[in-house]
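Step one of this worksheet: look at the structure below.
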Amino acid sequence: MPWEATCPMDLKMKFVAGVNDSDVSFAARCREFRISRKTGYKWVARYEELGPRGLEDGSPGRHSCPHATPPLVADRICELRREQPTWGPLKLRGWLLDHGETWMPAASTIGDLLKARGLILPRRRRVRTPPCVEPLALGEQPNEVWCTDFKGHFALGDKTRCHPLTLTDHASRYLLKCEALAAPTEQAVRVHFERAFREFGLPDRIRSDNGAPFASRAPGGLSALSIWWIQIGIFPERIEPGQPQQNGRHERMHRTYRAEVVVQQDMAAQHREHDRFRHVYNDVRPHEALGQKPPASRYARSQRAMPSAPSSPEYPDSMKPRTLDDRGRLHFAGDKIRITPLLVGERVGLEPVDDDTWELFYGPAAIGELRLRDKKLHLVPLT
Numbered sequence: 002m003p004w005e006a007t008c009p010m011d012l013k014m015k016f017v018a019g020v021n022d023s024d025v026s027f028a029a030r031c032r033e034f035r036i037s038r039k040t041g042y043k044w045v046a047r048y049e050e051l052g053p054r055g056l057e058d059g060s061p062g063r064h065s066c067p068h069a070t071p072p073l074v075a076d077r078i079c080e081l082r083r084e085q086p087t088w089g090p091l092k093l094r095g096w097l098l099d100h101g102e103t104w105m106p107a108a109s110t111i112g113d114l115l116k117a118r119g120l121i122l123p124r125r126r127r128v129r130t131p132p133c134v135e136p137l138a139l140g141e142q143p144n145e146v147w148c149t150d151f152k153g154h155f156a157l158g159d160k161t162r163c164h165p166l167t168l169t170d171h172a173s174r175y176l177l178k179c180e181a182l183a184a185p186t187e188q189a190v191r192v193h194f195e196r197a198f199r200e201f202g203l204p205d206r207i208r209s210d211n212g213a214p215f216a217s218r219a220p221g222g223l224s225a226l227s228i229w230w231i232q233i234g235i236f237p238e239r240i241e242p243g244q245p246q247q248n249g250r251h252e253r254m255h256r257t258y259r260a261e262v263v264v265q266q267d268m269a270a271q272h273r274e275h276d277r278f279r280h281v282y283n284d285v286r287p288h289e290a291l292g293q294k295p296p297a298s299r300y301a302r303s304q305r306a307m308p309s310a311p312s313s314p315e316y317p318d319s320m321k322p323r324t325l326d327d328r329g330r331l332h333f334a335g336d337k338i339r340i341t342p343l344l345v346g347e348r349v350g351l352e353p354v355d356d357d358t359w360e361l362f363y364g365p366a367a368i369g370e371l372r373l374r375d376k377k378l379h380l381v382p383l384t
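Every number in our numbering is 1 more than the matching position in the sequence shown, counting from 1.
Written out as structure tokens, the structure is:
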């Protein structure tokens, strides 16, 4: 603690008393007492205002703020805010100055005033998709990584909207699917993934962004679609939010799509246009990264066939498997905690970290960290 904060009362009095009587400068007197000039001026001001009481330890000096907004001005600001609840501090301040008020506090002060009086509610915290902690695979061979996304939707000639679903093989750039969907729903998307799996076999991984239906706000970012992928033996991996370059090859294909695909009159015509584009892109158009060869020259079908039915994942002996109840809750260590309704009746795996901490998995996908504190389970999101 600095000396000036612990200086005895008698020394403070001696300093103040000698300020006007001493022949030395104020700075030299402060050095003599080992205090800063700021502290010296503060002691003198407090003594002149409050007498010896102003030098007592912990003395607050002034008990009122000379710069506080006058009550009548504060009331006028709050009255206008109630009349115009969508106006922010800047608009309120500008309007009042334009309509007769000669002085207004700063906009930041107005904001603090409105918060203090309950006229600005705290902004609702946005729930985001949890990050994917698994590193992105290199995808150097066909079918190690497939990439998927929606190309931005657009209006057709008949005013209906088209949501193009695209699916490529990362290594060969082969365009597996380019489908015109009326809506980007899980049900609509799943049909086309099923067709792709039956035609081309299964990839090891599918890379997507963090939007629906590929991901959700559930623990680990799981969605109904990604859960199905896991159940048939595919690992879902997601790029970081706001980092489209992590799916750069797929984004580059979208640039070509934008330049070459022609908007049609209706959905049937757009399907035919997509088939035309896919044929040209895969079989005709040379690709610089492939030595000016088309993607079809580098792609080969996966040897992993789609299973007849999805199945719950298995877990190694190092994990404790547990089945979630009919409300998506985990019963463990004498407590229960809600995980997600998406996994009702499914088995999850718990990998011990220490005596009171476990990593929680659904198949190969980490979905959080489970901690036991004061006999209560807590699910800690991935970071």
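Where a beta carbon is used, it is the ideal one built from N, C-alpha and C, also for glycine.
These numbers come from a predicted model, not from an experiment.
Given residue i as reference, the closest of the options once Cα atoms are compared
i: leucine 1; options: Pro90, Ser309, Ala183 and Pro220; result: Given that the chain is displayed from residue 2 to residue 384, the structure contains no residue 1 and the question cannot be resolved.
i: threonine 103; options: Ile368, Arg94 and Thr110; result: Arg94
i: phenylalanine 194; options: Phe362, Ala216, Thr167 and Ala213; result: Thr167
i: glycine 153; options: Pro143, Tyr175, Pro86 and Pro185; result: Pro185
i: leucine 12; options: Glu57, Arg38, Ala29 and Glu50; result: Glu57
i: methionine 320; options: Thr358, Pro214 and Ala46; result: Thr358
i: leucine 291; options: Ile233, Pro106, Pro143 and Ala117; result: Pro143
i: leucine 115; options: Gly101, Asp76 and Trp96; result: Asp76
i: isoleucine 111; options: Pro53, Arg339, Thr40 and Thr70; result: Thr70
i: histidine 280; options: Lys178, Ser224 and Leu97; result: Lys178
i: alanine 301; options: Phe278, Gly212, Glu241 and Gly202; result: Gly202
i: leucine 51; options: Leu81, Arg83 and Met14; result: Met14
i: leucine 120; options: Gly89, Leu343, Leu97 and Ile368; result: Gly89
i: proline 314; options: Tyr48, Glu84, Thr257 and Ser227; result: Ser227
i: arginine 38; options: Gly329, Glu49 and Ser26; result: Ser26
i: aspartate 355; options: Thr341, Arg372, Ile368 and Arg339; result: Arg372
i: histidine 100; options: Leu81, Ile231 and Ser109; result: Leu81
i: glycine 369; options: Ala306, Asp113 and Leu223; result: Leu223
Check whether residue i and residue j have beta carbons under 8 Å apart
i: glutamate 360; j: glutamate 347; result: no
i: phenylalanine 362; j: valine 345; result: no
i: arginine 174; j: arginine 250; result: yes
i: proline 308; j: isoleucine 233; result: yes
i: asparagine 248; j: aspartate 210; result: yes
i: cysteine 79; j: arginine 35; result: no
i: leucine 157; j: valine 264; result: yes
Same chain, Cβ closer than 8 Å to residue i, five either side skipped, listed in chain order
i: glutamate 145; result: Ala138, Leu139, His171, Ala172, Pro204, Asp205 and Arg206
i: alanine 183; result: Thr161, Arg162, Cys163, His164, Ala189 and Met268
i: glutamate 141; result: Ala172
i: tryptophan 229; result: Arg191 and Pro311
i: valine 425; result: In the structure as shown, the chain begins at 2 and stops at 384. Residue 425 is therefore absent and cannot be evaluated.
Residue i, buried or exposed, once every other Cβ within 10 Å from all chains shown has been counted against 16
i: leucine 331; result: buried
i: leucine 91; result: exposed
i: tyrosine 42; result: exposed
i: proline 382; result: exposed
i: glutamine 266; result: exposed
i: aspartate 150; result: buried
i: alanine 260; result: exposed
i: valine 262; result: buried
i: threonine 87; result: exposed
i: alanine 181; result: buried
i: glutamine 246; result: exposed
i: glutamine 304; result: exposed
i: glutamine 418; result: Any question about residue 418 goes unanswered here, given that the chain covers just 2 to 384.
i: histidine 255; result: buried
i: glutamine 271; result: buried
i: proline 106; result: buried
i: arginine 239; result: buried
i: arginine 54; result: exposed
i: leucine 73; result: exposed
i: serine 217; result: buried
i: threonine 324; result: exposed
Residue i beta carbon near the ligand PLP (any heavy atom closer than 7 Å)
i: leucine 120; result: Ligands are entirely absent from the displayed structure, and the ligand PLP is therefore not among its contents.
Cβ shell of residue i (< 6 Å), same chain only, five flanking positions each side left out
i: phenylalanine 236; result: Arg206 and Pro365
i: tyrosine 316; result: Pro322 and Gly350
i: glutamine 293; result: Pro287
i: glycine 62; result: Reliability of the predicted coordinates at glycine 62 is poor, the pLDDT of 46 falling under 50, and the value obtained from them is presented with this limitation in mind. Contacts found: Arg47.
i: histidine 64; result: With a pLDDT of only 49 at histidine 64, under 50, the local geometry of the prediction cannot be trusted, and no value is derived from it.
i: proline 242; result: Asn211
Start and end residues, alpha helix (DSSP H) containing residue i
i: glutamate 102; result: That residue, glutamate 102, is in no alpha helix (DSSP H); it is neither H nor E in DSSP.
i: threonine 40; result: 38 to 51
i: leucine 73; result: 72 to 84
i: glutamate 180; result: First-last for glutamate 180: 176 to 182, but that is the beta strand (DSSP E), not the alpha helix (DSSP H).
i: arginine 196; result: 187 to 201
i: aspartate 276; result: 268 to 280
i: arginine 30; result: 27 to 33
Contact set for residue i: own chain, Cβ-Cβ below 7 Å, skip 5 residues either direction
i: proline 438; result: Given that the chain is displayed from residue 2 to residue 384, the structure contains no residue 438 and the question cannot be resolved.
i: lysine 377; result: Asp336
Delimiting residues of the beta strand (DSSP E) encompassing residue i
i: alanine 366; result: 366 to 374
i: glycine 350; result: 348 to 355
i: glutamate 360; result: 358 to 363
i: aspartate 170; result: 162 to 170
i: cysteine 148; result: 146 to 151
i: lysine 321; result: 321 to 324
i: lysine 337; result: 336 to 339
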